[in-house]
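Take a look at the structure below.
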């Protein structure tokens, strides 16, 4: 039975007109409850991430600057979010959500986080709305505690998972797979273990064919015993920052394919939300809620 990590800390005040859709976190939880997708007892607060978990993947110097609100003006610009105590707590809680989702997945087959997917955070810096790299933190947590042998990161956000690729460049126990829009942020890409760069305007059928051609082959090659699925919904045609052309139905088919493959291969999977920047907030919320609806259908 799926469990959903969520917290009131995920929602913080941002300047008026800020392009990061911070309101989605509370709205997704409300919609999952209102639509009856998830009962109240499936939600839990994951608490705050332990410093020892952070320091396995982030440098002490960077973490101290984040914690003490000492990021430079240039670092804040690169991050795209104003530094504040609330942002620090949000980042700690979101990272804890992915760590706990990973541990829940080992128990139940799947763990769900109503945040996370902050894959642009590097060892020594944050970028693109990402302060701490929750997937990297959780993967390193599982490996450190001997809970898994080989991790596969399936990053299907429209933007390359550059921070995750960089952090695990020299770590053979974590295989990073990123399928993203090629001519899009970040301008300078990192080298994942496997990158699939899609043409701008890629539609449902082309996207899904590429995924069907790639993921089973990866499972056979990598032989993972754990999956992290970054399920960004910025692949939608409606997305302001995405540049692909998936429909809501196509995004659902993507999620269903990945989760059914995990279920069929008995691979525990931790799901984090990733990005979504459609003009209409309801399009973002609906797409993320569909990810969780599919999770309940496949693993419920």
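Residue numbers (the UniProt record's numbering): 1 to 300.
Heads up, the beta-carbon is just placed ideally off N, CA and C, and yes, glycines get one too.
This one's a predicted model, so the numbers in the text were calculated from it and none came from an experiment.
### Task
Report, in whole angstroms, the separation of the C-beta atoms of residue 269 and residue 291, which I expect to be a contact under 8 Å.
To locate residue 269, count along the chain shown from 1; it is residue 269. To locate residue 291, count along the chain shown from 1; it is residue 291. Taking 8 Å as the upper bound for CB-CB distance, residue 269 and residue 291 are not in contact here, some 12 Å apart.
### Query
Between the Cα of residue 62 and the Cα atoms of 138, 7, 123, 26, which residue gives the shortest distance?
Start at 1 with the first residue of the chain shown, and residue 62 comes out as number 62. Of 138, 7, 123, 26, the residue nearest in Cα terms is 123.
### Message
According to DSSP, is residue 277 part of a helix, a strand, or is it coil?
### Response
The sequence position of residue 277 within the chain shown is 277, counting from 1. Residue 277: coil per DSSP, three-state reduction.
### Task
Find out if the Cβ-Cβ distance for the pair residue 110, residue 295 is shorter than 7 Å.
For the purposes of this step, residue 110 is taken as the residue at position 110 of the chain shown. For the purposes of this step, residue 295 is taken as the residue at position 295 of the chain shown. A distance below 7 Å separates the beta carbons of residue 110 and residue 295.
#### Entry: Per-residue burial, residue 84 [other beta carbons within 10 Å of its own, 16 or more giving buried]
In the chain shown, the residue the question calls residue 84 occupies position 84. Exposed, because fewer than 16 other Cβ atoms sit within 10 Å of the Cβ of residue 84.
### Message
Tell me whether the region 161-174 and the region 184-192 touch, counting them as touching only if at least three CB pairs, one residue from each stretch, are closer than 8 Å.
### Response
Output reads yes: the region 184-192 touches the region 161-174.
### Query
Who pairs with residue 257 in a beta bridge, going by DSSP?
On the chain shown, residue 257 is found 257 positions in, with the first residue counted as 1. Listed as beta-bridge partners of residue 257 by DSSP are no residues whatsoever.
### Query
What is the rounded straight-line gap between the Cα of residue 131 and the Cα of residue 197?
To locate residue 131, count along the chain shown from 1; it is residue 131. To locate residue 197, count along the chain shown from 1; it is residue 197. For residue 131 and residue 197, the distance between alpha carbons rounds to 25 Å.
### Task
Thinking residue 221 and residue 161 are a contact (beta carbons under 8 Å), I'd like their distance in whole angstroms, please.
Here residue 221 corresponds to residue number 221 of the chain shown, with the count starting at 1. Here residue 161 corresponds to residue number 161 of the chain shown, with the count starting at 1. Residue 221 to residue 161, Cβ: 18 Å. No contact.
### Task
Please work out which residues of its chain come closer than 7 Å, Cβ to Cβ, to residue 245, disregarding the five sequence neighbours upstream and downstream, and give them in chain order.
To locate residue 245, count along the chain shown from 1; it is residue 245. If we look at residue 245 and ignore the five residues flanking it on each side, its Cβ neighbours are 201, 202, 203, 237.
### Query
Just checking, does the region 171-186 make contact with the region 258-269 on the three C-beta pairs under 8 Å criterion?
Taking 8 Å as the limit for Cβ pairs, the verdict is that the region 258-269 does not touch the region 171-186.
### Query
Apart from the five residues just before and just after residue 219, which ones in its own chain have a Cβ nearer than 8 Å to its Cβ?
Here residue 219 corresponds to residue number 219 of the chain shown, with the count starting at 1. Non-local C-beta neighbours of residue 219 in its own chain, meaning closer than 8 Å and more than five positions away in sequence, comprise 152, 261, 265, 267, ordered along the chain.
### Per-residue DSSP class, three states only, for residue 73
If you number the chain shown from 1, residue 73 lands on position 73. Helix at residue 73.
### Task
Go ahead and pull the three-state DSSP assignment for residue 192.
Residue numbering aside, residue 192 sits at position 192 when the chain shown is read from its first letter. When secondary structure is reduced to three states using DSSP, residue 192 falls in the coil class, being assigned neither helix nor strand.
### Task
Use the C-beta contact count for residue 279: other C-beta atoms within 10 angstroms, 16 or more gives buried, fewer gives exposed.
In the chain shown, the residue the question calls residue 279 occupies position 279. Classified as exposed, residue 279 has fewer than 16 neighbouring CB atoms from the shown chains inside 10 Å of its CB.
#### Entry: Completely contained alpha helix (DSSP H) runs for the region 202-247, where each covers 4 or more residues
Segments of the alpha helix (DSSP H) lying fully in the region 202-247: 204-222.
### Message
Pop quiz: residue 78 and residue 41 are said to be a contact at Cβ under 8 Å. What is the actual Cβ separation, rounded to whole angstroms?
### Response
Here residue 78 refers to the residue found at position 78 of the chain shown. Here residue 41 refers to the residue found at position 41 of the chain shown. With 8 Å as the limit, residue 78 and residue 41 do not qualify as a contact, their Cβ atoms being about 40 Å apart.
#### Entry: Beta-carbon proximity check, residue 93 vs residue 9, cutoff 7 Å
Along the chain shown, read from residue 1 onward, the residue named residue 93 stands at position 93. Along the chain shown, read from residue 1 onward, the residue named residue 9 stands at position 9. Contact flag set, yes.
### Task
With a cut-off of 8 Å on the beta carbons, I'd call residue 57 and residue 136 a contact; round off their distance for me.
Locating residue 57 in the chain shown gives position 57, counting from the first residue. Locating residue 136 in the chain shown gives position 136, counting from the first residue. Right, their Cβ atoms sit about 4 Å apart.
### Message
Just to confirm my understanding: we take residue 148, look at its own chain, exclude 5 residues before and 5 after, and list those with CB closer than 6 Å. What are they?
### Response
One-based indexing of the chain shown puts residue 148 at position 148. Cβ within range, chain order: 142, 225, 226.
### Task
Between the Cα of residue 209 and those of 253, 112, 88, 33, spot the shortest distance and give me the residue it belongs to.
Counted from its first residue, the chain shown places residue 209 at position 209. Checked all of 253, 112, 88, 33; the closest Cα to residue 209 is 253.
### Query
Where residue 72 and residue 91 are concerned, what is the direct C-alpha to C-alpha distance, given to the nearest angstrom?
On the chain shown, position 72 is the one that residue 72 refers to. On the chain shown, position 91 is the one that residue 91 refers to. Whole-angstrom Cα-Cα distance: 18 Å.
### Inside the region 50-136 only - beta strand (DSSP E) runs reaching at least 3 residues
Taking only runs of at least 3 residues, the beta strand (DSSP E) segments lying wholly in the region 50-136 are 110-113.
### Task
Use the C-beta contact count for residue 144: other C-beta atoms within 10 angstroms, 16 or more gives buried, fewer gives exposed.
Along the chain shown, read from residue 1 onward, the residue named residue 144 stands at position 144. Result: exposed.
### Query
So what does residue 43 bridge to, in DSSP terms?
Working through the chain shown from its first residue, we reach residue 43 at position 43. Answer is 4.
### Query
For residue 16, is the classification buried or exposed, using 16 other Cβ atoms within 10 angstroms of its Cβ as the cut-off for buried?
As a position in the chain shown, residue 16 is number 16, starting the count at 1. Classification for residue 16: exposed.
### Query
If you run the structure through DSSP and keep just helix, strand and coil, what is residue 153?
Here the question's residue 153 lines up with position 153 in the chain shown. Reduced to three states, the DSSP call for residue 153 is strand.
### Task
Pull up the distance between the alpha-carbon of residue 158 and that of residue 95, whole angstroms please.
Within the chain shown, residue 158 is the residue found at index 158, counting from 1. Within the chain shown, residue 95 is the residue found at index 95, counting from 1. When only Cα atoms are considered, residue 158 and residue 95 end up about 21 Å apart.
### Query
Can the beta-carbon of residue 138 be found less than 7 Å from the beta-carbon of residue 98?
For the purposes of this step, residue 138 is taken as residue 138 along the chain shown, with counting starting at 1. For the purposes of this step, residue 98 is taken as residue 98 along the chain shown, with counting starting at 1. Contact flag set, yes.
### Message
Assuming residue 178 is part of the alpha helix (DSSP H), what are its boundary residues?
### Response
Stepping through the chain shown from its first residue, residue 178 is reached at position 178. Careful: residue 178 lies outside any alpha helix (DSSP H), inside the beta strand (DSSP E) at 174-181.
### Three-state secondary structure assigned by DSSP to residue 143
Taking the chain shown and counting its residues from 1, one reaches residue 143 at position 143. In the displayed model, residue 143 falls within a helix according to three-state DSSP.
### Query
Using a C-beta cutoff of 7 Å, does residue 49 count as contacting chain C?
The structure shown contains no chain C, having only a single protein chain.
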